[in-house]
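Going down the list, the sequences are from chains A and B. Note that the first sequence covers residues 3 to 391 in the numbering used here. Note that the second sequence covers residues 3 to 391 in the numbering used here. Have a look at the structure below before the remarks.
Number of protein chains: 2
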Amino acid sequence: MKIALAVLLAAAVANVPATAQTAPAIAEDFKPSPLNQPGQQYPQVNSQGYVRFRIAAPDAKAVKVSLGLGGRGGTTLNKAADGAWTGTSEGPLDEGFHYYHLTIDGGTFNDPGTLNFYGSTRWESGIEIPAHDAEFYALKNVPHGQVSQILFPSPSTGTQRRAYVYTPPAYGDHAQERYPVLYLQHGWGEDETAWANQGHANLIMDNLIAAGKARPFIIVMTYGMTNDVRPGSPGGLSSFDIKPFQTVLLDELIPYVDSHFRTLKDQPHRAMAGLSMGGFETKLIAPKNLDTFAYIGLLSGGTVSLDDVKSFPGYREKVKLTFVSYGSRELDPGRATPPGMPRADPRANAQQIKSAGVPSVFYVSPDTGHEFMTWRRSLKEMAPLLFRD
Amino acid sequence: MKIALAVLLAAAVANVPATAQTAPAIAEDFKPSPLNQPGQQYPQVNSQGYVRFRIAAPDAKAVKVSLGLGGRGGTTLNKAADGAWTGTSEGPLDEGFHYYHLTIDGGTFNDPGTLNFYGSTRWESGIEIPAHDAEFYALKNVPHGQVSQILFPSPSTGTQRRAYVYTPPAYGDHAQERYPVLYLQHGWGEDETAWANQGHANLIMDNLIAAGKARPFIIVMTYGMTNDVRPGSPGGLSSFDIKPFQTVLLDELIPYVDSHFRTLKDQPHRAMAGLSMGGFETKLIAPKNLDTFAYIGLLSGGTVSLDDVKSFPGYREKVKLTFVSYGSRELDPGRATPPGMPRADPRANAQQIKSAGVPSVFYVSPDTGHEFMTWRRSLKEMAPLLFRD
Chain A
3 MKIALAVLLA AAVANVPATA QTAPAIAEDF KPSPLNQPGQ QYPQVNSQGY
53 VRFRIAAPDA KAVKVSLGLG GRGGTTLNKA ADGAWTGTSE GPLDEGFHYY
103 HLTIDGGTFN DPGTLNFYGS TRWESGIEIP AHDAEFYALK NVPHGQVSQI
153 LFPSPSTGTQ RRAYVYTPPA YGDHAQERYP VLYLQHGWGE DETAWANQGH
203 ANLIMDNLIA AGKARPFIIV MTYGMTNDVR PGSPGGLSSF DIKPFQTVLL
253 DELIPYVDSH FRTLKDQPHR AMAGLSMGGF ETKLIAPKNL DTFAYIGLLS
303 GGTVSLDDVK SFPGYREKVK LTFVSYGSRE LDPGRATPPG MPRADPRANA
353 QQIKSAGVPS VFYVSPDTGH EFMTWRRSLK EMAPLLFRD
Chain B
3 MKIALAVLLA AAVANVPATA QTAPAIAEDF KPSPLNQPGQ QYPQVNSQGY
53 VRFRIAAPDA KAVKVSLGLG GRGGTTLNKA ADGAWTGTSE GPLDEGFHYY
103 HLTIDGGTFN DPGTLNFYGS TRWESGIEIP AHDAEFYALK NVPHGQVSQI
153 LFPSPSTGTQ RRAYVYTPPA YGDHAQERYP VLYLQHGWGE DETAWANQGH
203 ANLIMDNLIA AGKARPFIIV MTYGMTNDVR PGSPGGLSSF DIKPFQTVLL
253 DELIPYVDSH FRTLKDQPHR AMAGLSMGGF ETKLIAPKNL DTFAYIGLLS
303 GGTVSLDDVK SFPGYREKVK LTFVSYGSRE LDPGRATPPG MPRADPRANA
353 QQIKSAGVPS VFYVSPDTGH EFMTWRRSLK EMAPLLFRD
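Structural data, given as structure tokens:
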């Protein structure tokens, strides 16, 4: 107790964060982020994961970027001699994809240098910190599947709804073969574009299939915040009700996909998985519909306990795999708990069901948080385990 | 001469534009633009085509919108009591789709209220003025085709290139049937996303096919500015060379499409068309490759003269239809000539080849300019004329 207090006091006296004393020099090897718009030189990323921003707004009073050290806090830009606002993140960011936006004179805008991605119920700027294992989602010279936009009728919501369907490379060539299907959901504030755009789900599958590591299967991605139909307030979680989405998924989308694609239409060849809120949706729907789904994946979106397994009739017999994953930073002791996240350590539940003989895999993405790098890696780990009959 | 001077003097004395005296009251029936991001209330459009903007940036010095009267000029916003910058266009805008952006304290940004569309070599804000004939591109409860992203290998450019492929509603259901193909190009500064996003090409086809007005066919849309590979300067027209794109199209994309989709692989079942620069590309490629294409469409992108017809061997025998279209405002006497546009009146050439018995159709979109409403209507007019064998 005395030692801890002394350490705290010493830090207070020094009055600088420990990292500032030991931080390495920032390597001046900045390159444009892979997600920049065509021809745009900024934002840039260096080999250590620092990000440098440059925003032209010569008459602005203040420009801030919502991204900062390790994804937390923000970066305040300063006006350079040429009138552009520039700044470098205080520290390196985690590998992979990050959403961000600018605050310019009190208003929220996107960085005109980079592409936009739907998150937080709006199109936000995105940046990519090249990962050491980026090869698994890289665009390579291998046979590519297609990502197809479909519009399917939804009588329950009175709309024509959009979904994206990944079909594996051989789908068009083998006109007789039928394929299993993974229904894969995005997180809160995202939409049906997320898994292909931010997640590179199609490229991950193309690469796995080319390497012979996964059985070719179809992936269907649709909008999961069906519960929210109030104009002006997309994405409200306060009144979350799974039934509207469950109706769209089970009664409308699955029959549409089964009649418009060459699918294997039975339970052993159907999986459901999702990230964050999409994981909660998966847990709310799949275990109660085990004549429909044989595989369940929760990516940073809850866990399956032994009590869960016991409470859902037929879970032990019918679920061929329970896949649960998190980013390592989500499991840090003392981490801030995102709204809706389970407070219990997911490792305990995973160990519990594994010990009880429930077919399950628990995966932790190293050095990533509640972000898409965790989910890209999770898909890469999960896909080879699906439909191995 | 005296009369003209007197009129000029009278206008000078009055010191107000004639439109200001006769302008009707602005109808206060503004509604969110159909292209707004989910839940966003601004920008808004009224029944007369006026646009009202609202941008939150309380500490900004100046906020301007690039859209104004009839698409020309801009709209300067004023700071309202609540700190948001608001303003209404000086006059009504033409029906249909318009690109725009904001200038905030000297910097260029997008309106966070609306969706972005790739134009002018960057993702820009878009707004939609509901058209009186909007039904033909509306999302209706009819069978829908798919818009599929494909990634095809391009040895000539050393890349994996992206294209979008529209397949008609019955494509997935009739596993044996083969379809004709239209290769459809975007304009300068746009990309392969434009025809589906801004143009609603898929919905136009869905509606035409549902009404029995067009033969179901496939549409392939890819990036046409292949000539520009210089980093930092996408879209340069100064060094325009058709060969790189022609190689991608003829030697790489068409063979890929013919081997991965159920196409009719012969000349009578292949068309090429494009808007603006895509029209020029079409004219540079198709008439010289008449064993590949049987239909040619130039939408606000040049004309075909009788000299042209005579200069291309086989044009009379092999081209089943020459379709040329413009927006009426592009044909206004004294109109500003967009860079690269032909200065001659396209109607003369159209009349000339028609009189000479060349199968051709000339279409003018009423009350629209060099914008996507012209090209949506052009596709609607052209599609029923294709592949009618």
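C-beta atoms are modelled at their ideal positions from N, C-alpha and C, and glycine is treated no differently. Bear in mind the structure is a predicted one, so any value in this text is a computation, not a measurement.
Here B:ASP175 is exposed, its C-beta having fewer than 16 other C-beta atoms within 10 Å. If you look at A:LEU210, you'll find it in the alpha helix (DSSP H) that goes 203-212. Within the same chain, PRO36, VAL47, GLU97 come within 8 Å of B:PRO132 by CB-CB distance, once the 5 residues on both sides are set aside. Neighbourhood of A:ASP260 in chain B, by CB distance below 9 Å: empty, with the nearest CB roughly 11 Å away. For A:ASP268, the closest C-alpha among the options A:LEU292, A:VAL144, A:VAL149 is that of A:LEU292. With a beta-carbon spacing of about 3 Å, A:GLY276 and A:GLN187 fall inside the 8 Å limit used to define contacts. Distances from the alpha-carbon of A:HIS372 to those of A:GLY76, A:ALA203, A:GLY121, A:ALA62 put A:GLY121 closest. Secondary structure note for A:THR376: its alpha helix (DSSP H) is the uninterrupted segment 374-384.
Here A:LYS382 has PHE138, TYR139, ILE206, LEU210 as same chain residues with Cβ atoms under 8 Å from its own Cβ, once five neighbours each way along the sequence are excluded. Taking C-beta atoms as the reference points, B:TYR166 and B:GLU126 fail to come closer than 7 Å. Here the C-alpha atom of B:VAL366 lies approximately 19 Å from the C-alpha atom of B:TRP197. Judged by DSSP in its simplified three-state form, A:GLN248 adopts helix.
Between B:PRO45 and B:GLY147, the C-beta spacing is not below 7 Å. A Cβ-Cβ separation of about 29 Å leaves A:LEU104 out of contact with A:VAL149 under the 8 Å criterion. Pairwise C-beta distances place the stretch 253-271 of chain A in contact with the stretch 155-162 of chain A, as three or more of them are shorter than 8 Å. Taking 7 Å as the threshold, the shortest C-beta distance from A:HIS188 to chain B does not fall below it.
For B:VAL326, the enclosing beta strand (DSSP E) covers residues 323-329. Judged by beta-carbon spacing, A:ALA58 lies within the 7 Å limit of B:GLY109, meaning their Cβ atoms are closer than that value.
DSSP, read as helix, strand or coil, puts A:TYR139 in helix.
In the three-state scheme derived from DSSP, where H, G and I count as helix and E and B as strand, B:VAL363 is classed as strand. DSSP places B:GLN187 within a strand segment (E or B) once states are collapsed to three. Listed in chain order, the positions of the stretch 43-71 of chain B with a beta carbon within less than 8 Å of a beta carbon of chain A are GLN43, ILE57, ALA58, ALA59, PRO60, ASP61, ALA62, LYS63, ALA64. Under a criterion of Cβ atoms nearer than 8 Å, the residues of chain B adjacent to A:VAL149 are, in order, SER150, GLN151. Rounded to whole angstroms, the Cβ separation of B:ASP208 and B:VAL144 is 6 Å, and the two are in contact under 8 Å. Note: B:ARG163 is bridge-paired with B:PHE154 in the DSSP secondary-structure output.
Boundaries of the alpha helix (DSSP H) around A:GLU319: 317-320. Under DSSP, B:ILE131 shares a beta bridge with B:GLY98.
For the pair A:ASP84 and A:ASP61, the Cα-to-Cα distance works out to about 12 Å. Annotated three-state conformation of A:LYS63 is coil, per DSSP. Collapsing the DSSP output to three states places A:MET279 in a helix.
As the crow flies, the alpha-carbon of B:SER278 is around 13 Å from that of B:LEU286.
Put simply, of A:GLY93, A:ARG180, A:GLU254 the residue whose alpha carbon is nearest the alpha carbon of A:THR161 is A:GLU254. Chain A places no beta carbon closer than 7 Å to that of B:ASP253, leaving this residue out of the contacts. Straight-line measurement puts the Cα of A:PHE55 at about 18 Å from the Cα of A:PHE119. Between B:GLY191 and B:THR123, the CB-CB gap stays under 7 Å.
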